[in-house]
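Undergrad: Questions regarding the structure given below will be posed in turn.
Chains as they are written, first to last, in my numbering: chain Z, 3 to 222; chain U, 1364 to 2177.
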């Protein structure tokens, strides 16, 4: 069967229109809901990631690998980068603890005193319902590229400062989160790929209480 | 005179009065009307004088999400800046890009002005042996990827110039953001107006109207582009908005109160007398009185305050009384104006004198605004008495009674209260009042009442929204510290800091923020400039290290800007002893907290957060003549305290003075006591109404008490003198002077009552209380006083007035 080129053009235009960010449509919400339901019932999560950064203020690209643990039951999280760990960030209560083992120094900050865009925003945990999602993010639209959905959002509240777009990257087969992309107002960007995701991972209490013996408190 | 058609006179006099009103200039400065010795009032006055920028409009944007608010604000700002000759500059929450571009000069100045010990720490970081290590640490932090706001800033500030929290007093970087709410949905922009004289409220109103038109056009376009997804609400507040609204409201209040009073009084006259010619002459006389009084007031007082707006309506209501008394008595004057003046002149003159004394006694009040109003009314009643006696009287005698006219006239029906009821009420009402006082106690003044707050003001609503969004329930109170030199200003700030710390320890204050880092410090600057001289030559090395560490040109831009600013500032210190910040953002930021006034006063603006804002203990603990807080909360408490003192200071001398005057008026102790008893009776009824209805007292309308006493005496003087003239004939007195008093009382109540719709809360409450009080005085004078008069003067002659009532056809009643 021959298809009229005009028909194809219309389809392309229509698909572009339908998938353009800034206008969430009914199908987009369905993708989000399916992703959110995959987060439901999860008590804890461990994510290994690889992050690449293109910052306008830096001359060259940079990157880092790390791991994040989140315990939904008690709201604790641990962020760790480097092998061995160069920086450890733990939080979940009224303060965040930043530890630099190499320097034997740590800093305590009030939770929420410094707005946390990017991967640090996950320290509050992934949303597990549409109401939680809508409380934190404004859905701009959903794109599909191969086996991947890109859920484009604008963070709400103070977390949105300097961020023009925050994208959850979802596998279209199992609707699991496989990455995060961040676009900043100044043109910088960060792409984080999850190399390993473990649901209901073991999160012993000691994970969120690093030993600070011999460490000096400071301000980084 | 009577050959001129009254309509012509009305038109000419009306034009003169309208011209006089239009020439009136109003002062929108509300603080001039409050006691100048109260620290709170001084605080407000100084805040207005040194830190309120007449042309600075505050624009607020509210949306459901932060991104929409930010985008809307940027868009609106662009539109306002593009409007021709409307806005010269604007300041709003800046993006990181914008801070990097414009914040360098402010940071440079803040560091130059900092404590030398803090500056030395910065210089230490910049030393060759330390700078590379610090830069590498920043790169390491960036590598971590745990990106928070601090990391974001450090990507553009690798040398840490923005780590100035310790210097400016916010160690953890927290503190209320003056331009954006915590969730980012509410944003604020300061817009500098141009093209008009903003000290003139009419010009400010015109400018504001143009701004509103631009905003309305932008709102339509935004709604069309974004639909229901990103609705935004725009608010306009700040000095030009307040000035425009207050001034416009005052003009409107005066116009409406005068017009409504005139119309209602005219209607009342028509209902009672069914004649138009005397009405026309009466209105002409009232307008003439208004015009003359405004002329004198303008010469004596210059600009009129918002409280003086009320004087015109009050004057209309009082001055018409004299005309009505003349008109009623003129019926029996046989066309002789001189005889008429001899007959009722003393009553009018004494009435005007007592009324003037009462209003002049307001000069003893702590509220200057009330004093001004009292002076204008006193002048007005004096002018009114003269105009009526010598201008209206000759016209009034030309109106003779005719039978048809009598039939059409309003008649007081019945004799009112019976003798028995008059006695019951004479005893019962005071007893009921005593019982009510026992149950409910003395009526107290409303707490937290602000007499000059304008109600339903869009700019005030927008201001409250701003305070709530940015500060929640805790609203820090602006505090102004002043001095005659910069050195003294720093001393005053240090002394204020000591007092505040003591007050914090005592639990009176939760927190205080002083602007000391933003006040130019010549000593600091001189010391730091000397240190800086050696570092300025290191710029190229530092920029090289920044590049070598991996930062781009954008990453080094802020550092470059700071060094450029320092070069200029160091020159300024050498030339003038101290430098002020350069650049729009820097100048604007510092000017919000520090000014060098045209009057040679140096002023600094801080904030204080009291534990209990309405109490005065914290005010007394921290205030001195050089440091005062603009606290609305405690102002209400202070005004109430002051007014309670005023009641004794004003009321007692006034009562003594009036009593002395009454001795000369009556020359009879029974009549003197009767007159005073009528006042007490009306006051008792007022207390009962305060206890058992929605009527309440506040620091402003309590000042109406002397006015009520004065006008109440006025009524009793007229009635008692009339009863004397006719030998105690109740019916005759009621038909003659009673009708006049009915008109006088109702017209005065109309005059005061028209203020109940005024935009200023204080004026509205004053109008309501005085209207109620005057009506009580009137009812007492017309329907009770005559009975009481006969009771005390003719206790045995209880049949005579009834016979007079039946047989005298001229005085027949329906």
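Yeah, the Cβ is synthetic: ideal placement off N, Cα and C, and Gly gets one too.
Since this is a predicted model, take the numbers as computed values, not measurements.
Excluding the 5 residues preceding and the 5 following residue 1840 of chain U in the sequence, name in chain order all residues of the same chain whose CB lies nearer than 6 Å to its CB.
TA: By one-based count along the second chain, residue 1840 of chain U stands at place 477. Within the same chain, residue 1840 of chain U has close Cβ partners 1971, 1992, 1994.
Undergrad: Under a three-way DSSP split, which group does residue 1442 of chain U fall into?
TA: The residue given as residue 1442 of chain U occupies position 79 in the second chain. DSSP places residue 1442 of chain U in helix when its eight states are reduced to three.
Undergrad: Nearest to residue 1741 of chain U by alpha carbon, out of U:2011, U:1708, U:1652?
TA: Working through the second chain from its first residue, we reach residue 1741 of chain U at position 378. When only C-alpha atoms are compared, the closest one is U:1652.
Undergrad: Just to confirm before moving on: does the CB-CB distance between residue 1582 of chain U and residue 1597 of chain U stay below 8 Å?
TA: Within the second chain, residue 1582 of chain U is the residue found at index 219, counting from 1. Within the second chain, residue 1597 of chain U is the residue found at index 234, counting from 1. Yes; because the gap between Cβ atoms is below 8 Å, this pair is in contact.
Undergrad: Helix or strand or just coil, what does DSSP make of residue 1974 of chain U?
TA: Sequence index remark: in the second chain, residue 1974 of chain U carries index 611 (1-based). DSSP places residue 1974 of chain U in coil when its eight states are reduced to three.
Undergrad: Give the range of the beta strand (DSSP E) segment to which residue 1842 of chain U is assigned.
TA: Here the question's residue 1842 of chain U lines up with position 479 in the second chain. Note, residue 1842 of chain U: beta strand (DSSP E), 1840-1846.
Undergrad: To be precise: take each residue of the segment 1901-1928 of chain U, compare its Cβ to all Cβ atoms of chain Z, and keep it if any distance is under 8 Å. Which residues remain?
TA: Under the 8 Å Cβ criterion, the segment 1901-1928 of chain U contributes 1910, 1913, 1914, 1915, 1917, 1918.
Undergrad: With a threshold of 8 Å, are at least 3 pairs of Cβ atoms found where one atom belongs to the segment 45-54 of chain Z and the other to the segment 71-87 of chain Z?
TA: Flag = yes, the segment 45-54 of chain Z and the segment 71-87 of chain Z touch.
Undergrad: Is the segment 1728-1743 of chain U in contact with the segment 1614-1630 of chain U, if contact means three or more CB pairs nearer than 8 Å?
TA: Result no; under three Cβ-Cβ pairs closer than 8 Å.
Undergrad: Report buried or exposed for residue 2032 of chain U, applying the criterion of at least 16 other Cβ atoms within 10 angstroms of its Cβ.
TA: The count along the second chain starts at 1 and reaches residue 2032 of chain U at position 669. Residue 2032 of chain U is exposed by the Cβ-count criterion.
Undergrad: Quick one: give me the first and last residue of the beta strand (DSSP E) that residue 1578 of chain U is part of.
TA: Your numbering for residue 1578 of chain U matches position 215 in the second chain. Careful: residue 1578 of chain U lies outside any beta strand (DSSP E), inside the alpha helix (DSSP H) at 1564-1589.
Undergrad: Between the C-alpha atoms of residue 185 of chain Z and residue 192 of chain Z, what's the straight-line distance to the nearest angstrom?
TA: Position 183 of the first chain, counted from the first residue, corresponds to residue 185 of chain Z. Position 190 of the first chain, counted from the first residue, corresponds to residue 192 of chain Z. If you take the alpha carbons of residue 185 of chain Z and residue 192 of chain Z, they lie about 7 Å apart.
Undergrad: Measure the C-alpha to C-alpha separation of residue 2052 of chain U and residue 1787 of chain U and round it to an integer number of angstroms.
TA: Taking the first residue of the second chain as position 1, residue 2052 of chain U is located at position 689. Taking the first residue of the second chain as position 1, residue 1787 of chain U is located at position 424. Each residue's Cα considered, the two are about 19 Å apart.
Undergrad: Is residue 2165 of chain U helix, strand or coil when you go by DSSP?
TA: Along the second chain, one-based indexing puts residue 2165 of chain U at 802. Low confidence applies to residue 2165 of chain U: its pLDDT is 43, below 50, so where it sits in the model is not reliable enough to give any reading.
Undergrad: Three-state secondary structure (DSSP) at residue 1455 of chain U?
TA: Stepping through the second chain from its first residue, residue 1455 of chain U is reached at position 92. Here residue 1455 of chain U sits in strand by DSSP.
Undergrad: Among residues of its own chain, excluding the 5 on either side of residue 219 of chain Z, which ones have a beta-carbon nearer than 8 Å to its beta-carbon?
TA: Residue 219 of chain Z sits at position 217 when you count from the first residue of the first chain. Only 107, 108, 109, 110 meet the Cβ criterion.
Undergrad: If you count every other CB in all the chains shown that lies within 10 Å of the CB of residue 1831 of chain U, and 16 or more means buried, which is it?
TA: In the second chain, residue 1831 of chain U corresponds to position 468, counting from 1. Classification for residue 1831 of chain U: exposed.
Undergrad: Suppose the cutoff is 6 Å on Cβ atoms and the five residues either side in sequence are ignored; what does the same chain contact list for residue 1727 of chain U look like?
TA: Residue 1727 of chain U sits at position 364 when you count from the first residue of the second chain. Only 2012, 2013 meet the Cβ criterion.
Undergrad: Under the assumption that residue 1946 of chain U contacts residue 1465 of chain U (Cβ atoms under 8 Å), give the Cβ distance between them as a whole number of angstroms.
TA: Here residue 1946 of chain U refers to the residue found at position 583 when the second chain is read from its first residue. Here residue 1465 of chain U refers to the residue found at position 102 when the second chain is read from its first residue. Right, the Cβ-Cβ distance comes to about 7 Å (below 8 Å), so this counts as a contact.
Undergrad: Is the shortest distance between the beta-carbon of residue 60 of chain Z and the beta-carbons of chain U less than 8 Å?
TA: Reading the first chain from its first residue, position 58 is the one you call residue 60 of chain Z. At least one chain U Cβ lies under 8 Å of residue 60 of chain Z.
Undergrad: Looking at the structure shown, is residue 1722 of chain U part of a helix, part of a strand, or coil, going by DSSP?
TA: Residue numbering aside, residue 1722 of chain U sits at position 359 when the second chain is read from its first letter. Three-state DSSP puts residue 1722 of chain U in a helix.
Undergrad: Can you tell me where the beta strand (DSSP E) holding residue 156 of chain Z begins and where it ends?
TA: Stepping through the first chain from its first residue, residue 156 of chain Z is reached at position 154. Residue 156 of chain Z -> beta strand (DSSP E) spans 150-157.
Undergrad: Measuring CA to CA, which of U:2091, U:1886, U:2114, U:1969 is closest to residue 1479 of chain U?
TA: Within the second chain, the letter at position 116 stands for residue 1479 of chain U. The candidate whose alpha carbon is nearest that of residue 1479 of chain U is U:1886.
Undergrad: When the Cα atoms are used, what is the spatial distance from residue 16 of chain Z to residue 1414 of chain U?
TA: By 1-based counting over the first chain, the position of residue 16 of chain Z is 14. By 1-based counting over the second chain, the position of residue 1414 of chain U is 51. Caution is warranted here: a pLDDT of 36 is assigned to residue 16 of chain Z, below 50, making its placement in the model unreliable, and the coordinate value is therefore given only provisionally. When rounded, the distance between both Cα atoms is 57 Å.
Undergrad: Starting from residue 47 of chain Z, follow the beta strand (DSSP E) in both directions and report where the run begins and ends.
TA: Locating residue 47 of chain Z in the first chain gives position 45, counting from the first residue. Looking at the DSSP string, the run of the beta strand (DSSP E) that includes residue 47 of chain Z is 46-56.
Undergrad: How close, in whole Å, do the beta carbons of residue 1744 of chain U and residue 1781 of chain U come, if the pair is a contact with beta carbons under 8 Å?
TA: Reading the second chain from its first residue, position 381 is the one you call residue 1744 of chain U. Reading the second chain from its first residue, position 418 is the one you call residue 1781 of chain U. The pair is not a contact, with the Cβ atoms about 35 Å apart (cut-off 8 Å).
Undergrad: Is there a Cβ of chain Z sitting closer than 8 Å to that of residue 1588 of chain U, yes or no?
TA: Within the second chain, the letter at position 225 stands for residue 1588 of chain U. Output row for residue 1588 of chain U: interface = no.
Undergrad: How long is the line joining the alpha carbons of residue 1627 of chain U and residue 2069 of chain U, rounded to whole angstroms?
TA: Position 264 of the second chain holds residue 1627 of chain U. Position 706 of the second chain holds residue 2069 of chain U. Cα-Cα distance, rounded: 25 Å.
Undergrad: Looking only at its own chain, which residues have a Cβ that is under 7 Å from the Cβ of residue 203 of chain Z, when we skip the five neighbours before and after it?
TA: As a first step, residue 203 of chain Z must be located in the first chain, where it is residue number 201. Within the same chain, residue 203 of chain Z has close Cβ partners 46, 47, 48, 71.
Undergrad: Under three-state DSSP, which class holds residue 1468 of chain U?
TA: As a first step, residue 1468 of chain U must be located in the second chain, where it is residue number 105. Correct three-state label for residue 1468 of chain U: helix.
Undergrad: Would you mind working out which of Z:180, Z:170, Z:176 sits nearest residue 140 of chain Z, comparing C-alpha positions?
TA: For this step, residue 140 of chain Z is matched to residue 138 along the first chain. It is Z:170.
Undergrad: Between the C-alpha atoms of residue 1534 of chain U and residue 180 of chain Z, what's the straight-line distance to the nearest angstrom?
TA: Here residue 1534 of chain U refers to the residue found at position 171 of the second chain. Here residue 180 of chain Z refers to the residue found at position 178 of the first chain. Because the pLDDT at residue 1534 of chain U is just 45, under 50, the model does not fix this residue reliably, and the value given afterwards should be weighed accordingly. One C-alpha to the other measures close to 38 Å.
Undergrad: Hey, which unbroken runs of the alpha helix (DSSP H) at 4 residues or more fall wholly within the segment 2049-2079 of chain U?
TA: If we require 4 residues or more, the segment 2049-2079 of chain U turns out to have no alpha helix (DSSP H) run fully inside it.
Undergrad: Quick check on residue 74 of chain Z: does DSSP put it in helix, strand or coil?
TA: If you number the first chain from 1, residue 74 of chain Z lands on position 72. Here residue 74 of chain Z sits in coil by DSSP.
Undergrad: Verify whether the separation of the beta carbon atoms of residue 212 of chain Z and residue 100 of chain Z is less than 8 Å.
TA: For the purposes of this step, residue 212 of chain Z is taken as the residue at position 210 of the first chain. For the purposes of this step, residue 100 of chain Z is taken as the residue at position 98 of the first chain. Their beta carbons are not under 8 Å apart, which means residue 212 of chain Z does not touch residue 100 of chain Z by this criterion.
Undergrad: Between residue 1518 of chain U and residue 60 of chain Z, how many whole angstroms is the CB-CB distance? I'm expecting something under 8 Å.
TA: Position 155 of the second chain, counted from the first residue, corresponds to residue 1518 of chain U. Position 58 of the first chain, counted from the first residue, corresponds to residue 60 of chain Z. Contact flag correct, Cβ pair sits at about 7 Å.
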